[in-house]
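Protein chains in written order, with my numbering: chain X, 1 to 328; chain F, 329 to 656; chain V, 657 to 984; chain C, 985 to 1312.
4 protein chains.
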Amino acid sequence: MAKNIRRIGVMTSGGDSPGMNAAIRAVARSCAYYNIECIGFYRGYQGMIEGDYEELNARSVRNIITRGGTILKSARSKEFMTKEGRQKAADVLKEAQVDAMVLIGGDGTFRGGKALSAEHNIPIIGVPGTIDNDISGTNYTIGYDTALNTVVDAIDKIRDTASSHNRLFFVEVMGRDAGFIALNSGIGAGAEEILIPEEDLGLERLLDSLERSRRSGKTSSIVVVSEGDKIGKNVFELAEYVKKNLPDYDAKVTVLGHIQRGGSPSCFDRVLASRLCVRAVELLLDGKQDLMVGFVNNKVETCTLDEALQSKHEINKDLLRISDILST
Amino acid sequence: MAKNIRRIGVMTSGGDSPGMNAAIRAVARSCAYYNIECIGFYRGYQGMIEGDYEELNARSVRNIITRGGTILKSARSKEFMTKEGRQKAADVLKEAQVDAMVLIGGDGTFRGGKALSAEHNIPIIGVPGTIDNDISGTNYTIGYDTALNTVVDAIDKIRDTASSHNRLFFVEVMGRDAGFIALNSGIGAGAEEILIPEEDLGLERLLDSLERSRRSGKTSSIVVVSEGDKIGKNVFELAEYVKKNLPDYDAKVTVLGHIQRGGSPSCFDRVLASRLCVRAVELLLDGKQDLMVGFVNNKVETCTLDEALQSKHEINKDLLRISDILST
Amino acid sequence: MAKNIRRIGVMTSGGDSPGMNAAIRAVARSCAYYNIECIGFYRGYQGMIEGDYEELNARSVRNIITRGGTILKSARSKEFMTKEGRQKAADVLKEAQVDAMVLIGGDGTFRGGKALSAEHNIPIIGVPGTIDNDISGTNYTIGYDTALNTVVDAIDKIRDTASSHNRLFFVEVMGRDAGFIALNSGIGAGAEEILIPEEDLGLERLLDSLERSRRSGKTSSIVVVSEGDKIGKNVFELAEYVKKNLPDYDAKVTVLGHIQRGGSPSCFDRVLASRLCVRAVELLLDGKQDLMVGFVNNKVETCTLDEALQSKHEINKDLLRISDILST
Amino acid sequence: MAKNIRRIGVMTSGGDSPGMNAAIRAVARSCAYYNIECIGFYRGYQGMIEGDYEELNARSVRNIITRGGTILKSARSKEFMTKEGRQKAADVLKEAQVDAMVLIGGDGTFRGGKALSAEHNIPIIGVPGTIDNDISGTNYTIGYDTALNTVVDAIDKIRDTASSHNRLFFVEVMGRDAGFIALNSGIGAGAEEILIPEEDLGLERLLDSLERSRRSGKTSSIVVVSEGDKIGKNVFELAEYVKKNLPDYDAKVTVLGHIQRGGSPSCFDRVLASRLCVRAVELLLDGKQDLMVGFVNNKVETCTLDEALQSKHEINKDLLRISDILST
């Protein structure tokens, strides 16, 4: 099959993440290096369905490695979830003479890719790009490291004012289903408490812990709250609850929101994106398909898309223990 | 009176701001340079009342110029608002042989200082330190420039993802009574709309404007919302309202909160703090009092505390026009 | 004449500076707002001579406000210094039906513009864009504030390691003819010594001062050196000289170079660029020409290009005294 | 032996690196958590010899996680390389009732630690802290990730101006013996060429490659040069050589120097430092000694100090190939 690859398509899909541009660049430059053509589809599967694409040569990805976001834009496509939608997409790919696709995104992206591959026999390779780090088959997803730095940088700023004022701060970070961002940024920022979806701390224990912090001489505390935390209150309700129960505390809230998806990617994310995407192109040229490239144990590795989708990337619960020790 | 100044006190009070440490350093170093002693009071007037202070020599302010927050911490003191509280503070100052005070903060700080000066004849000089830039008698308050950079940096990150996704973002920034931060960071970040306390845009015009942006080819919009905006809804309600009325938009919210008060001060704020505080010490040594130092028309100037307190620092409404032109 | 303005050209020339893109955007958006056309010339006067230009509409400057550099690129053109070169440029302007020009750059740019205006009666407005802040008729040039933050951020990092190691660091910053960057970044970074072109400290006094710093308990020192400093040695020779004469010191050198010209512009520079360029377009529409817009005493003002070119923007030597006091 | 551990000492030694403070904090907090005492030695082995130390409790390391440098300062001690020096150090440790040491630093630090342990039977655990990433037994050393981000951020700024001006930039980065920083930051920054100590590109091939870049349509190029590169010229000579041989190029030089050792540590470095140092304390409490903790294959692991010192951490030469592909 490898002989047939003359033109590779690339797209970004799902929630965007810093480093996606580095990934697009690596696909386009690898294609140029191996003398094949590269086509970029806009707005993920939706652009594929609509035939919204453009040729990417080595120069058209100039300087994008430094930029957040994705020059190909990203979207979620409902139409692609239907058989008819995927048929349209396959027709576009055929017409555009795209022999294989590199798909940059998360679970939903890969699920769509699998269906496309199964129904229309289009070789695809998935590249994990999401700030959530919740993909199995890789230790790190593209964008996660940058998001951690963004969160830590924000909390550092809050810490400046926290230590001036003897206050309690709640910082909501992304992670509806996975606590990776909260847990690692919480340790990195020296948060006093970290609330994640995977573990229910309980309101009582939160109050106890904050009281203990205070008695141990801490003049202010920072609580990192994952969007999807189990405690059953949103971050504003949580702040109100604590204020009512610990009246000495003055509780303030920050909701970081989409700041976490943007920003110039860290060196780690750029190198990760570069390495994974060079490999993705080489795998396609080698006749491989239905794989995801990942960074496992400090090496670029592959797994099947099925493996990537079957299991969940679990957080390391030992980090909760580390956080406890360090917020002594 | 100048002959009597052997020991100068310094404190930070009210909401803290980046550059306060640079200000403290400049007071301490100026004192060292002129061979007088310097005392730092912790937690503003509250620490003054409680006798919570420490000598600051040239070395004790080493390296703090780079840091956000205030090593002297900041607080609001209810007790100081009473005559009895101020009496206690005056007693502490007398006992500590403090001949004059440099007060770093905002309106409330200066009002307290005036009372202290009037009732107990203590020479004071005010230095405007607040991110809100709402002090008359200076074009810039210490911390304002840094806060603007922090907001712009955050919105830049949102912009990365906004341009990937065709969305509408609401970003709440500080400014309960004054729109300086919203207006200038909004222009700096290229926001499509800016809502400030000084001007009621109105919900209808907001919807109109967002629709117009869309029709003009903008694929995403950012609305900067001052905490104290006149539109009468908090930022989450606003987002809901827009979503209901412009169903094609996917509206997301970021609440920057206390991030804006922290961070390493910009060069502008460091130089501003340095220049104002050298002058503050020199004014005291010159026998001056009841003044505020400010940066007016590119020079360090002084006004009376009364002048600083009597009028309001008005925003430049022409900037709203500039913003309109630039979000074309 | 104002009636005739249907198409305005814009270009960036000379050393580039952060905020030039914000300036280009403001010109393009102002033109769109006033329903006139906008043309961007690439590579300054060279692109003008070569007819290398493109139409800029409101959308073509999308998102560039956040980016360093200039999308129009910048260059110095020898050909334009000749009458023949300028004739070619004027011919191109005529052919392209450009009625007036906004010129973003420094001295050299304005000198070229004056000649073009005088010889070919083309209305021009100059906008001061350079990191050096050495233009008369404005308190701040576009890019200067960002460059200061870049330098201060770099020196802060050096300070981290300096205070770990008891060392002496020399940091060379830009400024061949003017000490603005060195002086203000030196104060902002808390440098122990600042060497600028305007003032010859002398090698002996430098050694004395470093010795005094050490005796006063400082464990490390940072010397900011302007490229064009008067001391007559380059920064590496200077470090060697000090090492030889103060053998206890371990002297290290950093040459910041072109880092200072890049980076995302600060909020200050973005707002400055925006305000100056809206005004520049409005002046042209008003029939004005041969002016430079500047920011003077906290307001947008104009002066003639002659005034901007005749005198030199002088540093405030009182800042050297401030630096002395603060490095006590 | 574990029963005997009542007091653990910690120090930082060798070239400092961002994250050393996070490491110190983790040692101090772990000790507090396990109810043992913690002593911090200043200036590495030199402070140990001189008895320059201080107790560190949970509060004394408050907020240092955010800061570059090391609160314990760092130094290289010649005296400690002698048996007599180490005897003095051992005497101090005995007198201070220090039962075990956590040593944060590089090769030299560990070699010193081994001698101390061998001669005086003091349990020690090494923690790899250096920006150079040249330690065997760990995939990442503390500070390396931050240094990469610092370099990439600097080169991004240069890239802004490079793409404005069609120039050639040489950027010298740290790494006398190891090309980790140059290689990874070079890929992260999208450098056109990377010169490292491990591989001699040769001057001819450098010129060829730069010419090829130009012909392929690149308007500017960035060359990252490791301090210890094999090409046999310093970075200024290299720039001169290229200028002479490729006269169309305008070559500029930046020497990043000690900027790379400073700065607030990245989240990665903070979490790494935290996890390694919690483990270091727990290993000592478990009776282990003469080990180094490292991060290997995404897990905290240990090796003997001998293993860490015997082999060299090799760069992944496949990254040179990746760099070639991506600079197409």
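Using N, Cα and C, we set each Cβ at its ideal position, and we do this for glycine too.
(request) Provide the residue span of the alpha helix (DSSP H) that contains S548 (chain F), from first to last. (result) Note, S548 (chain F): premise wrong, no alpha helix (DSSP H); not H, not E.
(request) Measure how close the beta-carbons of G1110 (chain C) and L1087 (chain C) come, nearest whole angstrom, since I'm counting them as under 8 Å. (result) Your pair G1110 (chain C) and L1087 (chain C) checks out as a contact, with CB atoms roughly 5 Å apart and the cut at 8 Å.
(message) Cutting at 7 Å between CB atoms, please list the residues of its own chain near A658 (chain V), excluding the five before and the five after it.
(response) Reliability of the predicted coordinates at A658 (chain V) is poor, the pLDDT of 49 falling under 50, and the value obtained from them is presented with this limitation in mind. Same-chain partners within the cutoff: L941, D942, G943.
(message) Assuming A191 (chain X) and V224 (chain X) are in contact, meaning their beta carbons sit under 8 Å apart, how far apart are those beta carbons, in whole angstroms?
(response) Sure, about 4 Å apart at Cβ, within 8 Å.
(request) Grab me the residues of S1147 (chain C)'s own chain with a C-beta within less than 8 Å of its C-beta, minus the 5 sequence neighbours each way, in chain order. (result) Only T1203, S1204 meet the Cβ criterion.
(request) At 7 Å on the CB atoms, spell out the chain F contacts of V255 (chain X), in chain order. (result) Going along chain F in sequence order, the residues near V255 (chain X) (Cβ under 7 Å) are V581, T582, V583.
(request) Along the beta strand (DSSP E) that carries S381 (chain F), what are the first and last residues, could you check? (result) Checking the sequence, you will find Tyr at residue 381 (chain F) rather than Ser. From DSSP, the beta strand (DSSP E) with Y381 (chain F) extends over 381–383.
(message) Between A986 (chain C) and chain X, is the shortest Cβ-Cβ distance under 8 Å, so that the two count as touching?
(response) With a pLDDT of 49 at A986 (chain C), under the threshold of 50, the predicted position of this residue should be treated as unreliable, though the coordinate-derived value follows. No, A986 (chain C) does not count as interfacial toward chain X.
(request) Pick helix, strand or coil for M174 (chain X), following the three-state DSSP scheme. (result) Of the three classes helix, strand and coil, the one that applies to M174 (chain X) here is coil, per DSSP.
(request) Please say whether F826 (chain V) and A907 (chain V) have beta carbons closer to each other than 8 Å? (result) Their beta carbons are under 8 Å apart, which means A907 (chain V) touches F826 (chain V) by this criterion.
(request) Using the Cα positions of G999 (chain C) and G1052 (chain C), report the straight-line distance between them to the nearest angstrom. (result) Looking at the two C-alpha atoms, the distance is approximately 12 Å.
(message) According to DSSP, is A100 (chain X) part of a helix, a strand, or is it coil?
(response) Annotated three-state conformation of A100 (chain X) is strand, per DSSP.
(message) Please list the terminal residues of the continuous alpha helix (DSSP H) segment that includes K739 (chain V).
(response) Its alpha helix (DSSP H) spans residues 739–751.
(message) If you measure between the beta carbons of G137 (chain X) and G19 (chain X), is that distance less than 8 Å?
(response) The answer is no: Cβ separation not under 8 Å.
(request) Determine the direct distance from the alpha carbon of A1173 (chain C) to that of S1210 (chain C), and round the result to whole angstroms. (result) Rounded to whole angstroms, the gap between the alpha carbons of S1210 (chain C) and A1173 (chain C) is 14 Å.
(message) Below 8 Å on C-beta distance, what does G919 (chain V) contact in chain C?
(response) Neighbours of G919 (chain V) across chain C, judged by C-beta separation under 8 Å: D1140, K1141, D1144.
(request) Write down the C-beta distance between I352 (chain F) and I377 (chain F) rounded to the nearest angstrom, noting that I regard them as a contact closer than 8 Å. (result) Rounded to whole angstroms, the Cβ separation of I352 (chain F) and I377 (chain F) is 19 Å, and the two are not in contact under 8 Å.
(request) Determine the DSSP secondary structure at A684 (chain V), reduced to helix, strand or coil. (result) The answer is helix: DSSP assigns A684 (chain V) an H, G or I state.
(message) By the three-class DSSP mapping on this structure, what secondary structure does A986 (chain C) have?
(response) Because A986 (chain C) sits at a pLDDT of 49, beneath the cut-off of 50, its placement in the model cannot be relied upon, and the following sentence gives the value as read from the coordinates. When secondary structure is reduced to three states using DSSP, A986 (chain C) falls in the helix class.
(message) Am I right that V624 (chain F) and N467 (chain F) are in contact with their C-beta atoms under 8 Å? What's the rounded C-beta distance?
(response) At roughly 6 Å, the Cβ-Cβ gap stays under 8 Å, so V624 (chain F) and N467 (chain F) are in contact.
(request) Look at the alpha carbon of E775 (chain V) and the alpha carbon of R59 (chain X), and state the distance between them as a whole number of angstroms. (result) C-alpha separation (whole angstroms): 40 Å.
(request) Mind checking the stretch 423–450 of chain F against chain X and listing, in chain order, the residues whose C-beta falls within less than 7 Å of any C-beta there? (result) Contact residues of the stretch 423–450 of chain F toward chain X are absent (C-beta to C-beta distance below 7 Å).
(message) Taking 8 Å as the threshold (beta carbon to beta carbon), is V271 (chain X) in contact with chain C?
(response) Yes, contact with chain C.
(message) Less than 7 Å between C-beta atoms, sequence neighbours within five positions excluded: which residues of the same chain meet that for F236 (chain X)?
(response) By the criterion of a C-beta distance shorter than 7 Å, F236 (chain X) is surrounded in its chain by V253, once the five residues flanking it on both sides are discounted.
(request) Report yes or no: is there a C-beta of chain X within less than 8 Å of the C-beta of M1004 (chain C)? (result) With 8 Å as the cut-off, M1004 (chain C) does not count as an interface residue toward chain X.
(request) Have a look at D974 (chain V) and P247 (chain X) and give me their C-alpha separation to the nearest angstrom. (result) So the two alpha carbons sit approximately 50 Å from each other.
(request) Kindly list, in the order they appear in chain V, the residues whose Cβ is closer than 7 Å to that of G1053 (chain C). (result) D816, T817, S819, S820, listed in chain order.
(message) Is there a Cβ of chain X sitting closer than 8 Å to that of F408 (chain F), yes or no?
(response) The C-beta of F408 (chain F) comes no closer than 8 Å to any C-beta of chain X.
(message) Does K244 (chain X) pass the burial test, meaning 16 or more other C-beta atoms within 10 Å, or should it be called exposed?
(response) Answer is exposed; the Cβ neighbour count stays below 16.
(message) Our contact map puts D1144 (chain C) next to G703 (chain V) with C-beta atoms below 8 Å; I'd like the distance itself, whole angstroms only.
(response) Cβ-Cβ separation between D1144 (chain C) and G703 (chain V): approximately 19 Å, too far for a contact (criterion under 8 Å).
(message) Please report the straight-line C-alpha distance between E1298 (chain C) and I187 (chain X), rounded to a whole angstrom.
(response) E1298 (chain C) and I187 (chain X): Cα-Cα distance of roughly 30 Å.
(request) Have a look at I522 (chain F) and A510 (chain F) and give me their C-alpha separation to the nearest angstrom. (result) Roughly 7 Å separates the two Cα atoms.
(request) Taking a Cβ distance cut-off of 9 Å, strictly less, list which residues of the stretch 695–706 of chain V are near chain F, in chain order. (result) Flagged: no residues at all.
(message) As a quick exercise: from V:L982, V:C923, V:R732, pick the residue whose alpha carbon is nearest that of F508 (chain F).
(response) Of the candidates V:L982, V:C923, V:R732, the residue whose Cα lies closest to the Cα of F508 (chain F) is V:C923.
(request) Following the continuous alpha helix (DSSP H) through A907 (chain V), name the residue where it begins and the one where it ends. (result) No alpha helix (DSSP H) holds A907 (chain V); the beta strand (DSSP E) holding it covers 907–911.
(request) Determine, using beta carbons only, whether F169 (chain X) comes closer than 8 Å to chain F. (result) It does: the Cβ of F169 (chain X) has a partner Cβ on chain F nearer than 8 Å.
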